[in-house]
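The block underneath contains the structure these notes are about, expressed in structure tokens.
Numbering (mature numbering (1 follows the signal peptide of the UniProt record, and there is no 0)), first residue to last: -22 to -1, 1 to 618.
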């Protein structure tokens, strides 16, 4: 019998766990305590910590996904240098200047294996801080985060150097400023609750002549909470910070892998690269899935080969006569000429379109799985595909509401139950080996940290309800010979009787992906250009947003802002380069007055009693809670 002592709120609790030979998990040890190093703060502080990852190139530097559910302008990455050491520094917030889109309700984060790229996804429907209706134009975001100098991050340059992509509010690059510019974003995964980078994934080519080779290393798995499906997005070459070029990407929807989102609860993922297995916390269904990361069958292109499935290309109108049946015509003019006094309406909604997904007419296809019509790009280089016949099964059930998930160095799987706060250790076959009670529900992100020079590993976790970042400190390790082996993975995959899975496996085994370039003529695949005048009303004979030939960006900045917000696409507005606009939420807090620095950044004029770059400080207070030291030791219970 092992007697374990923990202190909570000044009350000494004596908890017992039976010591059975071969029953010790190194990350739990035979005795352990919980050390909390960061807790919630005020404006600019740690908000709701949904996930955490250590930067692969900066030992001890912890990045925490900080999701501000009250003010999405303050969502971002809470960075703690020297986390859990005597040299721990005060946490700081690094975020996008348009965090209310690129990091809105951020739920999951992941570094790539080089440490030079960082990905996030958001449990968002893209409402721009409730200033517009849900348009579901959301998905994973990519950043370049190679360490540059002391506190900067950016892009590797050809001379083994680094271009610092951190910027000030005004747009000045470098110096480890408070903001970072995103390098790419795909938008086919709204309401995402989990994401994992896959360094071993290979997309391959689709036979496009003259198209550059794919850029490896930019594949992430993630969820689409709006459809309840597993997704795989290959960013290919990032569009970087200077261009809006989303043309090169491959997005796959695995139609036979169903996931159930539980609103507000992350459902994390992790890839075992050596075994080529993706583990998924399927929170709403109370189970952990394992997926063969290299399995699946290409079913078909899902970009709706008929242009009529795209909202921007659909020119058909339907006549609704006073009596008789409706008739659809090829154009508005044809409809009005033949409608006999009836009314003509654009028939986009007859496609059965909702949240960018269409299920009627051409978009239904014969399999009934529908197509996507809301895209990052609609050019032919952007590949949107449906996959099926995926090899997957349930690794483990009966774990409550699995949220956090992490891999041990030996392949063991750690899973956190959101409802109870228990962290379970599973062997590679999915059997529960031990559990650790953290004492509070809301455990979300999990991460195993092992020191570069060797020594015991730490299991870190976030508690989204308590707004804390903690780790399990093993005070007494496992006795010699008492370490429980992680076991071997299952040799066979379980039977999957899901009707969609069965149907996709019964299809002809033809995985030939199409020549996407063959669909349209020359000039169709030019990259997106959003003029700086999009959010402006320059008058004269120009329609709102039009660009007068020969104008400079400085001249465009002089035009008054458009006020017809209901007619504007806010995604295009932020891509036009503005930060302050009547149709957008101001980046300035506490009533600060925002002013654009043309196409570079913004400044805030703070009202009396406030100060700081974005007027975050009220009165003489700091506005930010310093989190440099450990905040205390909490209870923990080992249950074997």
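We put the CB at the ideal spot given by N, CA and C, even for glycine.
Q. Does DSSP put residue 549 in a helix, a strand or coil?
A. helix
**Q.** N-terminal and C-terminal residue of the beta strand (DSSP E) that residue 70 is part of
**A.** 70 to 72
Q) Quick one: complete alpha helix (DSSP H) runs, 4+ long, within the region 36 to 82? A) 77 to 80
Q. So what does DSSP say about residue 314, is it helix, strand or coil?
A. Per DSSP, reduced to three states, the secondary structure at residue 314 is helical.
Q) residue -2: buried (16+ other C-beta within 10 angstroms of its C-beta) or exposed? A) Because the pLDDT at residue -2 is just 43, under 50, the model does not fix this residue reliably, and the value given afterwards should be weighed accordingly. Looking at its Cβ environment, which holds fewer than 16 other Cβ atoms inside 10 Å, residue -2 is exposed.
(Q) Relative to the C-alpha of residue 153, which candidate in 130, 308, 322 has its C-alpha closest? (A) Nearest of 130, 308, 322 to residue 153, Cα basis: 130.
Q: Determine the closest residue to residue 295 out of 588, 303, 315, 324, with distance taken between C-alpha atoms.
A: 324
Q.
Could you tell me the alpha carbon to alpha carbon distance between residue 558 and residue 552, rounded to whole angstroms?
A. A direct Cα-Cα distance of roughly 9 Å separates residue 558 from residue 552.
Q: Look up residue 105 in the DSSP assignment and give the residues it is bridged to.
A: According to DSSP, residue 105 bridges with nothing at all.
Q: Leaving out five residues on either side along the sequence, give the residues of the same chain with a beta carbon under 8 Å from the beta carbon of residue 472.
A: 371, 372
Q) In chain order, what residues of the same chain have a beta carbon less than 6 Å from the beta carbon of residue 43, not counting five sequence neighbours either side? A) 28, 29, 84, 87
Q: Note down the Cα distance separating residue 470 from residue 8, rounded to an integer number of angstroms.
A: 34 Å
Q.
Quick check: the Cα distance between residue 36 and residue 341, rounded to an integer number of angstroms?
A. 48 Å
(Q) Strictly by DSSP, which residues pair up with residue 88? (A) 97
(Q) Distance cutoff 8 Å, beta carbons only. Does residue 415 sit that close to anything in chain C? (A) No chain C is present in this structure, which holds just one protein chain.
Q. Thinking C-alpha only, which one of 121, 138, 277 is nearest residue 213?
A. 121
Q: Can you say whether residue 100 is buried or exposed, counting buried as having 16 or more other CB atoms within 10 angstroms of its CB?
A: buried
Q | residue 187 - DSSP class collapsed to helix/strand/coil | A | Interpretation of residue 187 is limited by its pLDDT of 46, a score under 50 that renders its predicted location unreliable; the figure taken from the coordinates is listed afterwards. Coil.
Q) Since residue 510 contacts residue 534 with CB under 8 Å, what's their CB separation in whole angstroms? A) 5 Å
Q | Sub-8 Å separation of residue 400 and residue 414 beta-carbons | A | yes
Q.
Does the contact criterion of 3 or more C-beta pairs under 8 Å hold for the region 56 to 63 versus the region 103 to 116?
A. no
Q.
My output table needs one value for residue 479: the three-state DSSP class, helix, strand or coil.
A. helix
**Q.** Separation of residue 479 from residue 404, as counted between CA atoms
**A.** Cα to Cα, the separation comes out at about 27 Å.
Q: Closer than 8 Å by C-beta to residue 78: which residues in its own chain qualify, once you throw out the five before and the five after it? Chain order, please.
A: Same-chain partners within the cutoff: 50, 51, 53, 106, 107, 563.
Q: Pull up the DSSP beta-bridge partners for residue 132, would you.
A: 124, 142
Q: Say whether the region 232 to 251 touches the region 152 to 167, bearing in mind that this needs 3 or more beta-carbon pairs closer than 8 Å, one atom from each stretch.
A: No: the two stretches stay apart, fewer than three of their Cβ pairs being nearer than 8 Å.
Q: Please report how far the alpha carbon of residue 252 lies from the alpha carbon of residue 90, in whole angstroms.
A: 15 Å
(Q) Can you tell me which residues form a DSSP beta bridge with residue 175? (A) Note: residue 175 sits in a beta bridge opposite 198.
(Q) Helix, strand or coil, according to DSSP, for residue 474 in the structure here? (A) If DSSP states are grouped into helix, strand and coil, residue 474 belongs with coil.
Q | Rounded straight-line distance, which links the Cα of residue 272 to that of residue 576 | A | Cα to Cα, the separation comes out at about 46 Å.
**Q.** Three-state class that DSSP yields for residue 533 in the structure shown
**A.** helix
Q) If you run the structure through DSSP and keep just helix, strand and coil, what is residue 458? A) coil
Q: Note down the Cα distance separating residue 545 from residue 113, rounded to an integer number of angstroms.
A: 14 Å
Q | Closest Cα partner of residue 308 within the set 297, 430, 318 | A | Checking every option, the nearest Cα to that of residue 308 belongs to 297.
Q) Among residues of its own chain, excluding the 5 on either side of residue 593, which ones have a beta-carbon nearer than 6 Å to its beta-carbon? A) 566, 567, 568, 570, 582, 584
Q. Between which two residues does the beta strand (DSSP E) harbouring residue 404 extend?
A. 400 to 404
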